[in-house]
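Residue numbers for the sequence shown follow the working numbering, so the first one is 128 and each next one is one higher. For reference, the structure is listed below as structure tokens.
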Amino acid sequence: MSHAREGVSDADRAREGYQEARRAYLFGKAVRDRRTALGMTQSRLAARAGMTQAAVSRLEHGGSTPTIPLLERLAAALDSTLHLDIAPDSDLSVAFTPRAA
128 MSHAREGVSD
138 ADRAREGYQE
148 ARRAYLFGKA
158 VRDRRTALGM
168 TQSRLAARAG
178 MTQAAVSRLE
188 HGGSTPTIPL
198 LERLAAALDS
208 TLHLDIAPDS
218 DLSVAFTPRA
228 A
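Right under this line is the structure:
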């Protein structure tokens, strides 16, 4: 008996898994790039965003997917506006841009 979703091949599921992992990596890279541009440590970002340093590390290495509330906290902690462009079957575009003073 197959537990696969009807009409979805193993290749499709593998592609979806790859896409999810790729998007998590790209988001983590954007967080790390902005954090280091600010000269901020993972511990400092964690304190500002209400996270642990380990959670920041996991996020930056693509090991977790952020929730909307976490995205909001990260943008605030990084003194940034977060821009996400999510298109089906495409790479995620993530940018943290400095907030205007």
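For glycine and all other residues, C-beta sits at the position ideal for the given N, C-alpha and C.
Any heavy atom of the ligand SAH closer than 7 Å to the Cβ of residue i?
i, result
"GLN180", "What this structure holds is no ligand at all, so the ligand SAH is not there to describe."
What's the gap between the Cα of residue i and the Cα of residue j?
i, j, result
"ARG200", "GLN146", "25 Å"
"THR194", "LEU219", "15 Å"
"GLY166", "LEU172", "10 Å"
"LYS156", "HIS188", "7 Å"
Buried or exposed: which applies to residue i, given that a residue is buried once 16 or more other Cβ atoms fall within 10 Å of its Cβ?
i, result
"SER136", "exposed"
"ALA222", "exposed"
"GLU143", "exposed"
"SER170", "exposed"
"LEU211", "exposed"
Residue range of the alpha helix (DSSP H) that residue i falls in?
i, result
"LEU201", "195-204"
Which residues mark the beginning and the end of the beta strand (DSSP E) in which residue i is found?
i, result
"ALA148", "No beta strand (DSSP E) holds ALA148; the alpha helix (DSSP H) holding it covers 137-164."
"SER170", "Note, SER170: premise wrong, no beta strand (DSSP E); alpha helix (DSSP H) at 169-176."
"ALA222", "220-225"
For a quick check, are the C-beta atoms of residue i and residue j less than 8 Å apart?
i, j, result
"SER207", "THR192", "no"
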